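Notes follow the structure.
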Amino acid sequence: MNQNTINLIEQYYAAFNSADMETFLSLLTDDVIHDINQGKREIGKEAFSRFMACMNFNYKEQLVDMVIMATPDGSRAAAEFVVLGKYLKSDEGLPAANGQEYKLPAGAFFEICENKVARITNYYNLEDWIAQVSD
């Protein structure tokens, strides 16, 4: 496993957990590819920044039980974790928010270029999340 890539992904998630969007976004390439879970592909740091602004407005999340793996050459990485969240504001096309809490297993795959995240693909079970916030 490539320790530089592991460290990069650890920094990425530490910045996420501390809501340090400046550091979080600085770890991305300008043309980062973001494959949204069960959604579309967005390209560019500006699009990723808008996505995160929406997420931070509608949700409060912490990622725990993190396991990070990387290829020997450091060009790819994967992370498995649990999302501990609170649904703050209703998101378009989803159930109404009223502060519901959720616990959701998730994962992500990364492509790394020049020690920055060039692609991130996130996966979680949307049906499980909807069931948790619909109770």
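Quick note: the sequence shown uses UniProt numbering, first residue 1, plus one each step. Heads up, the beta-carbon is just placed ideally off N, CA and C, and yes, glycines get one too. Keep in mind it's a predicted model, so treat the numbers as computed, not measured.
With fewer than 16 neighbouring CB atoms inside 10 Å of its own CB, Phe-57 falls in the exposed class. Distance from Glu-61 to Gly-93 at the Cβ level is roughly 19 angstroms; contact not present, criterion being Cβ atoms closer than 8 angstroms. About 30 angstroms separates the Cβ atoms of Thr-29 and Lys-89, ruling out a contact at the 8 angstroms cut-off. Between the beta-carbon of Met-21 and that of Ala-70 there is about 24 angstroms, and that puts the pair past the 8 angstroms contact cut.
Taking all protein chains in view, the Cβ of Thr-23 is surrounded by fewer than 16 other Cβ atoms within 10 Å, so the residue is classified as exposed. For Glu-10, the enclosing alpha helix (DSSP H) covers residues 3 to 17. Linking Glu-111 to Val-83 through their CA atoms gives a straight-line distance of about 21 angstroms.
When rounded, the separation of the alpha-carbon atoms in Gln-38 and Glu-10 is 24 angstroms. In the three-state reduction of the DSSP assignment, Thr-29 falls in the strand class. With fewer than 16 neighbouring CB atoms inside 10 Å of its own CB, Arg-50 falls in the exposed class.
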